[in-house]
Amino acid sequence: MNDTSFMTQTHVYFKKVFRIALREKAWKFVLFAAIISFIVASITGQDMFKDFNKANSGFFTLTSACIWIGIFNSIQSICKEHEIIRAEYRQGLKISAYITANVLWQALLCLVQSLIIFAICCFFIDYSQSDYLLISPYIENFITVYLLTFGASVLGIMVSSVSGTPTTAMTIMPFVLIIQLIMSGVLFELDGITEGISYITLSKWGMSAFGSVADLNHIDLVVEGVTVPNKANDFYDHESARLFLAWLWIFGLTAFNGVVSVAALKLKNRDS
Amino acid sequence: MDEEKTVGFAPASSSGATLLIIDKNCRPTVVPLRGNMTLGRRHSGPLCDILVDSGIVGRRHGEFLYESTQNAYYYVDNNSLNGTFINGYKLEKYNERGSKAYRLNDGDILRIDRKMLNQPHPEAVIMIFCLTLRYDERWKLTDVGRYANITIGRGSNNVIKLTDMAASRNHAVLRRNGPSWLLFDNGSANGVSLNGREINGNAQVFDHDVIKIGNTTIIMFGTTLVYNNPRESTGNLSVQIRKKTVDFGRKTLLRDINFSVESGDFVLILGGSGAGKTTLVKAILGDGKADGMIILNGHDLYANFKSMKSQIGLVPQFLTLRVNDTVKNTLMDIADIKLDRKNYSKQEKLQRIDEIMNKVGIKSLENHLIAQLSGGQKKKVSVAYQLVGFQKVFICDEPDSGLDAASRTQQMEILKEIAQNEKIVMVISHEPDDAVDADTGRSLFTKVVVLAKSSRDGAGHLAFYGGVDDAKRYFGVDKLQDIMKEINPPFEGGKGRADYYIEKYYSQGR
Chain A
520 MNDTSFMTQT HVYFKKVFRI ALREKAWKFV LFAAIISFIV ASITGQDMFK DFNKANSGFF
580 TLTSACIWIG IFNSIQSICK EHEIIRAEYR QGLKISAYIT ANVLWQALLC LVQSLIIFAI
640 CCFFIDYSQS DYLLISPYIE NFITVYLLTF GASVLGIMVS SVSGTPTTAM TIMPFVLIIQ
700 LIMSGVLFEL DGITEGISYI TLSKWGMSAF GSVADLNHID LVVEGVTVPN KANDFYDHES
760 ARLFLAWLWI FGLTAFNGVV SVAALKLKNR DS
Chain B
6 MDEEKTVGFA PASSSGATLL IIDKNCRPTV VPLRGNMTLG RRHSGPLCDI LVDSGIVGRR
66 HGEFLYESTQ NAYYYVDNNS LNGTFINGYK LEKYNERGSK AYRLNDGDIL RIDRKMLNQP
126 HPEAVIMIFC LTLRYDERWK LTDVGRYANI TIGRGSNNVI KLTDMAASRN HAVLRRNGPS
186 WLLFDNGSAN GVSLNGREIN GNAQVFDHDV IKIGNTTIIM FGTTLVYNNP RESTGNLSVQ
246 IRKKTVDFGR KTLLRDINFS VESGDFVLIL GGSGAGKTTL VKAILGDGKA DGMIILNGHD
306 LYANFKSMKS QIGLVPQFLT LRVNDTVKNT LMDIADIKLD RKNYSKQEKL QRIDEIMNKV
366 GIKSLENHLI AQLSGGQKKK VSVAYQLVGF QKVFICDEPD SGLDAASRTQ QMEILKEIAQ
426 NEKIVMVISH EPDDAVDADT GRSLFTKVVV LAKSSRDGAG HLAFYGGVDD AKRYFGVDKL
486 QDIMKEINPP FEGGKGRADY YIEKYYSQGR
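Top line first, the protein sequences correspond to chains A and B. Going by the numbering used here, the letters in the first sequence line up with residues 520 to 791, in that order. Going by the numbering used here, the letters in the second sequence line up with residues 6 to 515, in that order.
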C-alpha cells in the first residue's frame with residue numbers, strides 16, 4: 520500500500536507556500552530586511568574595527584537584527600493555519616512534509632534577505648580589514664548572516680507551531696527575542712546556569728562566529744581616548760575550528776527547532 | 006472471450022446485508038439476508054432458508070443470526086461434517102450445538118470445503134458476506150487459462166480492466182507459479198487483500214481464493230476469474246455510543262446514542278444548545294472518541310482510526326482553506342496529497358477535480374482566489390475539497406449558515422445529490438425546512454436525528470431517529486424546526502419537553 524510520499528507532499532506544499540507567499544506580498548519581508556540592515560549598518564558600520572566596543576556592539580546589533588528579521592518572517596506562518604492543518608492532516612497530510620516545505624521556503628526567503636543585508640553591510644562596513652579564516656571574510660560573514668537569519672526563521676516556525684493562535688505567538692515573540700539578546704553574552708557577563716542556557720541561543724553562536732572572523736580579541740579597547748589591551752574571549756578566537764563550531768551550533772539549533780515544530784504539530788493533531 | 010451477465014435472483018433489500026454465493030457452477034448469486042436464516046444443501050427434506058447445490062454442504066450446515074441491538078450478523082456452524090472456513094480459518098466446534106458465533110464483517114469470506122484449502126474440492130462453495138453489494142451488480146467471467154501473467158488495474162493495457170476508481174492504474178499482477186499463482190501488489194494506493202487479509206508485497210493464490218481490490222471482488226475459479234464492476238458505495242454507518250464524558254469522566258455529554266445510517270441517506274442532526282450535536286459529530290469523526298463504536302461498513306473506526314479516518318470527511322462551519330489560493334490549485338493540491346502520483350496521472354486528477362467542480366457548480370470559479378468568493382461559493386469549495394478523495398461519509402456543520410434562502414436550498418440540493426451517489430451525508434442545520442425539493446415540496450432529508458438534553462443527567466440523549474414524516478408525527482409538528490420548540494427549555498423559548506421525548510423514544514424500544 521502506498522501513501523503519497525514525503526517528497527511528493529513536500530513538493531506540493533513548497534509550491535503552495537511559495538505561491539501564497541507571493542500573493543501575500545512576501546517582498547515586504549525583503550523590504551523590511553533592507554530597511555533594518557540599512558539603519559543598523561549606517562549607524563554601527565563606520566570605523567567599526569577601530570575599537571573593540573564599536574565592533575562588539577556593531578556585531579551584536581547585526582546579530583539582533585538578523586534574529587529579529589528571521590523570527591518576524593515566520594512567527595505567524597503556522598499558527599494561523601492550525602485549523603487548516605487539522606483538516607489536511609485528516610486527509611493524509613504528513614506534518615514532517617508540511618514543516619519541511621515551510622522551512623525550505625524560509626531558506627529561500629532568508630537567502631534573498633541575507634544577500635540584501637550583507638550587500639548593505641558591505642557598503643558601510645569594511646570587512647577587508649579582517650583576515651580570512653577559511654576562504655574570505657566576506658563569504659564567512661555572509662554565511663553567518665544567512666545561518667543566523669535562517670536559524671531565527673526556523674525558531675519562529677517552532678514558536679508558531681507551539682502557539683495556538685497568532686496572538687499567542689506574538690505575545691511569546693518578545694520573550695524569545697529578549698532571551699536571545701540577554702544570552703548573547705554581550706550585554707551581561709554570564710556564568711553558571713545562565714551561561715549554560717546561552718549555549719542554546721542563536722545570538723551567542725552568531726556573536727562567536729562574527730567575533731572569530733573579525734578577530735575581536737585583537738581589536739583594542741579604547742577607554743576615554745586611551746587604548747588598553749582587550750580582555751580575551753575564548754568564543755572570539757580567530758580560529759577556523761571556532762568558526763566551524765559556531766556554525767555547527769547554529770545549524771544544530773535550527774535542526775532541533777525543526778524537529779520540535781513537527782513534534783508539536785503532531786501532538787496538537789494526535790486525535791485527528 | 007469475456008462473458009458478461011447480470012445475475013438473476015431475488016432483489017435484496019437496499020438496507021440489508023447480502024451473501025454472495027459462488028457454487029461449483031461458477032455462478033455468482035446474491036442472497037439478501039433478512040434476520041435469522043439457515044444455510045443448507047438443496048435436498049428433498051425440510052428446506053433451509055439459503056440453499057446451495059453442493060454435495061459437501063450439510064443439510065442444515067450453518068445459521069446466520071441477526072443481533073438487532075448491534076445491527077450485526079453472526080454465523081454459527083452447526084457442527085457440520087466439513088465445517089466452515091472464515092477468512093481461511095476453520096470454525097471450531099464449541100459445544101454440542103455448534104461453533105461459537107462469529108461476528109461477520111463486510112467482506113468476510115466463508116468457505117465450505119475439505120481440509121486442504123489449496124486443493125479445493127470440486128463442489129466447494131464460497132460465500133462472501135457483504136454490506137455494500139447490490140443485487141443488480143454485474144459480474145464478469147474471464148478465461149485466463151492462456152495467460153502466464155494476469156495484470157489487474159484501471160489501465161487499458163491490463164488483462165483484467167477495472168472501472169473502480171479505488172483501484173490503481175497498474176494495481177496488481179498474478180503470475181503463474183506451477184498449479185497456483187503468485188499475486189503481486191504493484192505498490193498500489195489502496196492495497197490488495199487476499200482472503201480477507203492485506204498482502205505485503207506478494208502472496209500465493211490458490212483455486213477458490215478471493216482477491217479484493219478497492220471495491221472489486223475477484224475470485225479465482227480454476228482457469229476463470231470472476232469479478233464485479235462495483236459502483237462507488239458506502240454501505241452502512243452504525244453509531245453506538247454508550248457515553249461520552251469530559252473532565253476525567255466527571256461530566257457526561259452524550260449517553261446511549263444508537264442509530265444506523267444507510268448509503269444514500271441525507272441525515273439532519275437537530276438539537277438545542279448543549280444537546281451534544283458537535284460532540285456527536287466529533288465522536289463520529291473520531292476526533293473526540295466516545296465510549297462505544299462507530300462502525301463503517303462493518304469496520305470499527307476507533308480500532309482502525311489511522312486507515313479509516315480519511316473515509317469520513319468534515320465540511321466545517323467556518324472555512325478551513327487558504328484564502329489566497331485559487332479554487333483549482335486548492336483542489337489540485339489536495340488531489341496530489343490524496344491520490345499518489347504513481348497510481349493516478351495528472352490527467353486523471355485534473356479530470357476528477359473537473360468533474361467535482363462541475364458537480365458542485367464552481368467550474369466557472371476555478372481561477373478565482375477563494376478570498377474573492379461569496380460565502381455560499383466558499384462553502385461549495387469546502388464541499389468540493391472533501392469530494393476529491395474517496396470519502397464515504399460527509400458531515401457538514403451548518404453548511405447553510407450565513408446564506409440567503411435560495412443559496413441555502415441550492416447548497417442542500419448539492420449535498421443531497423452527493424448522498425444519492427451512494428454516500429452518507431449528515432448535516433447540522435438550523436434552517437432545515439429550507440431544504441425542500443423544488444418540484445415536490447418534500448424535504449430533501451431522508452432521516453432525522455434529534456438530540457435532547459436530559460434534565461436528569463445533563464447529557465444529550467437520542468429523542469428520535471427516523472424518517473422526516475415520522476419525525477413530524479412523533480413530535481406533533483408541521484415543520485422540522487418546530488421540533489426544537491418542543492424540546493428546548495422554556496428559557497430558550499421552548500416547551501421544555503426534552504425528558505418526555507427521551508423517555509418516549511426509549512420506551513418504544515427504538
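All C-beta atoms, glycine included, are put in the ideal place defined by N, C-alpha and C. Values in this document were obtained by computation on a predicted structure and should not be read as measured data.
Chain-order list of residues whose beta-carbon lies under 8 Å from that of B/V251 (same chain, five-residue window excluded): Translated into the one-based positions of the second sequence, residue 251 of chain B becomes position 246. Only L258 meet the Cβ criterion.
Can you grab the Cα-Cα spacing for the pair A/N660 / A/H737, in whole Å? In the first sequence, the residue the question calls residue 660 of chain A occupies position 141. In the first sequence, the residue the question calls residue 737 of chain A occupies position 218. Computed Cα separation, rounded: 18 Å.
Please tell me whether B/I216 has its Cβ less than 8 Å away from any Cβ of chain A. Counting from one through the second sequence, the residue named residue 216 of chain B turns up at place 211. Judged by the 8 Å Cβ criterion, B/I216 is not in contact with chain A.
Give the residues of chain B in contact with A/G611, contact being defined as C-beta atoms less than 7 Å apart. To locate residue 611 of chain A, count along the first sequence from 1; it is residue 92. What A/G611 touches in chain B: S315, I342 and K343.
Given 8 Å as the limit, is there contact between the region 164-183 of chain B and the region 213-232 of chain B, that is, 3 or more CB pairs closer than that? Segments in contact, yes.
Could you tell me whether the Cβ atoms of B/N87 and B/I117 are closer together than 8 Å? Position 82 of the second sequence, counting from 1, holds the residue named residue 87 of chain B. Position 112 of the second sequence, counting from 1, holds the residue named residue 117 of chain B. Yes, Cβ-Cβ distance for B/N87 and B/I117 is below 8 Å.
State the DSSP-derived secondary structure class of B/M121, mapped to helix, strand or coil. Residue 121 of chain B sits at position 116 when you count from the first residue of the second sequence. In the structure shown, B/M121 adopts coil according to DSSP, grouped into three states.
Taking C-beta pairs closer than 7 Å, name the residues in chain B that A/V531 reaches, listed in chain order. Residue mapping note: residue 531 of chain A aligns to position 12 of the first sequence, counting from 1. Per Cβ cutoff of 7 Å: D338, D341 and I342.
Can you check whether the C-beta of B/T325 is within less than 8 Å of a C-beta belonging to chain A? In the second sequence, residue 325 of chain B corresponds to position 320, counting from 1. Yes, B/T325 counts as interfacial toward chain A.
Would you kindly check if the distance between the Cβ of B/N110 and the Cβ of B/H304 is under 8 Å? As a working mapping, residue 304 of chain B is identified with position 299 in the second sequence. As a working mapping, residue 110 of chain B is identified with position 105 in the second sequence. Yes; because the gap between Cβ atoms is below 8 Å, this pair is in contact.
For A/Q528, which residues in chain B fall below 7 Å Cβ to Cβ? Residue numbering aside, residue 528 of chain A sits at position 9 when the first sequence is read from its first letter. Chain order gives the chain B residues near A/Q528 as I342, where near means a beta carbon separation below 7 Å.
Interface positions of the region 591-610 of chain A facing chain B (Cβ-Cβ less than 8 Å), listed along the chain: Of all residues in the region 591-610 of chain A, those with a C-beta nearer than 8 Å to a C-beta of chain B are E600, E602, I603, R605, A606, E607, R609 and Q610, reading in chain order.
Beta-carbon separation of B/S268 and B/I429 under 8 Å? Taking the second sequence and counting its residues from 1, one reaches residue 268 of chain B at position 263. Taking the second sequence and counting its residues from 1, one reaches residue 429 of chain B at position 424. The answer is yes: Cβ separation under 8 Å.
Should the region 638-652 of chain A be called in touch with the region 549-566 of chain A, which here means at least 3 C-beta pairs below 8 Å? Verdict: yes, contact present.
Report whether the distance from the Cβ of A/E607 to the nearest heavy atom of the ligand MG is below 7 Å. Ligands are entirely absent from the displayed structure, and the ligand MG is therefore not among its contents.
Beta carbon of B/R174, beta carbon of B/G158: below 8 Å? Sequence index remark: in the second sequence, residue 174 of chain B carries index 169 (1-based). Sequence index remark: in the second sequence, residue 158 of chain B carries index 153 (1-based). The answer is yes: Cβ separation under 8 Å.
Which partner residues does A/T668 have in the DSSP bridge list? In the first sequence, the residue the question calls residue 668 of chain A occupies position 149. For A/T668, which the question treats as bridged, DSSP gives no partner whatsoever.
How would you list, in chain order, the residues of chain A whose beta-carbon sits under 7 Å from the beta-carbon of B/D169? Here residue 169 of chain B refers to the residue found at position 164 when the second sequence is read from its first residue. Neighbours of B/D169 on chain A: none; closest Cβ ~16 Å, over 7 Å.
Just to confirm before moving on: does the CB-CB distance between B/I289 and B/I317 stay below 8 Å? Locating residue 289 of chain B in the second sequence gives position 284, where the first residue counts as 1. Locating residue 317 of chain B in the second sequence gives position 312, where the first residue counts as 1. In this structure, B/I289 places its C-beta atom within 8 Å of the C-beta atom of B/I317.
Assign B/L319 to one of three DSSP states: helix, strand, or coil. Locating residue 319 of chain B in the second sequence gives position 314, where the first residue counts as 1. B/L319: strand per DSSP, three-state reduction.
Determine the DSSP secondary structure at B/I155, reduced to helix, strand or coil. As a first step, residue 155 of chain B must be located in the second sequence, where it is residue number 150. Strand at B/I155.
Quick one, which of A/K534, A/S583, A/L762 and A/R605 has its alpha-carbon nearest A/I558's? As a working mapping, residue 558 of chain A is identified with position 39 in the first sequence. Looking at the Cα atoms, A/S583 is the closest of the given residues.
Is it the case that the region 349-365 of chain B contacts the region 263-283 of chain B, given that we only count it when at least three CB pairs across the two stretches are under 8 Å? As far as the Cβ criterion goes, the region 263-283 of chain B does not touch the region 349-365 of chain B, which means the pair count is below three.
Residues near B/V482 in its chain [Cβ-Cβ closer than 8 Å; skip 5 each side]: Working through the second sequence from its first residue, we reach residue 482 of chain B at position 477. For B/V482, where only same-chain residues beyond five positions count, the Cβ hits under 8 Å are I488, K490 and E491.
Around the Cβ of B/A443, are there at least 16 other Cβ atoms within 10 angstroms (buried) or fewer (exposed)? One-based indexing of the second sequence puts residue 443 of chain B at position 438. By the 10 Å Cβ count, B/A443 comes out exposed.
With a 10 Å radius around its C-beta and 16 neighbouring C-beta atoms as the bar for buried, classify B/Y511 as buried or exposed. One-based indexing of the second sequence puts residue 511 of chain B at position 506. Exposed, by the Cβ-count rule.
Could you check the C-alpha separation between B/E72 and B/Y78 for me, to the nearest Å? Along the second sequence, read from residue 1 onward, the residue named residue 72 of chain B stands at position 67. Along the second sequence, read from residue 1 onward, the residue named residue 78 of chain B stands at position 73. Rounded to whole angstroms, B/E72 to B/Y78 spans 6 Å at the Cα level.
Using three-state DSSP, classify B/V215 as helix, strand or coil. Translated into positions along the second sequence, residue 215 of chain B becomes position 210. In the displayed model, B/V215 falls within a strand according to three-state DSSP.
Count the other CB atoms within 10 Å of the CB of B/C31; is the residue buried (16 or more) or exposed (fewer)? Start at 1 with the first residue of the second sequence, and residue 31 of chain B comes out as number 26. The residue in question, B/C31, is exposed, as its Cβ has fewer than 16 Cβ neighbours within 10 Å.
Apply the 10 Å Cβ neighbour rule to A/G704 and answer buried if 16 or more other Cβ atoms are within range, or exposed otherwise. Locating residue 704 of chain A in the first sequence gives position 185, counting from the first residue. Burial check for A/G704: the Cβ neighbour count within 10 Å reaches 16 or more, so the residue is buried.
Using the C-alpha atoms, what's the distance from B/I423 back to A/A671? Locating residue 671 of chain A in the first sequence gives position 152, counting from the first residue. Locating residue 423 of chain B in the second sequence gives position 418, counting from the first residue. Taking the straight line joining both Cα atoms gives about 47 Å.
Let's test the definition: count the other Cβ atoms within 10 Å of the Cβ of A/R605 and tell me whether it reaches 16, buried, or not, exposed. As a position in the first sequence, residue 605 of chain A is number 86, starting the count at 1. So A/R605 ends up on the buried side.
Which bits of chain A does B/D330 rub up against, with CB to CB less than 9 Å? Taking the second sequence and counting its residues from 1, one reaches residue 330 of chain B at position 325. Taking a Cβ-Cβ cut-off of 9 Å, the neighbours of B/D330 in chain A comprise K535, R538, I539 and R542, given in sequence order.
Limits of the unbroken beta strand (DSSP E) element including B/P37: Here residue 37 of chain B is taken as the residue at index 32 of the second sequence, counted from 1. Note, B/P37: beta strand (DSSP E), P33 to P37.
Same chain, Cβ closer than 8 Å to B/I339, five either side skipped, listed in chain order: Here the question's residue 339 of chain B lines up with position 334 in the second sequence. Cβ neighbours of B/I339 beyond the five flanking positions: Y390, V393 and G394.
Partners in chain B for A/D790, counting only beta-carbon separations shorter than 8 Å: Working through the first sequence from its first residue, we reach residue 790 of chain A at position 271. Correct list: G291, D292, G293 and K294.
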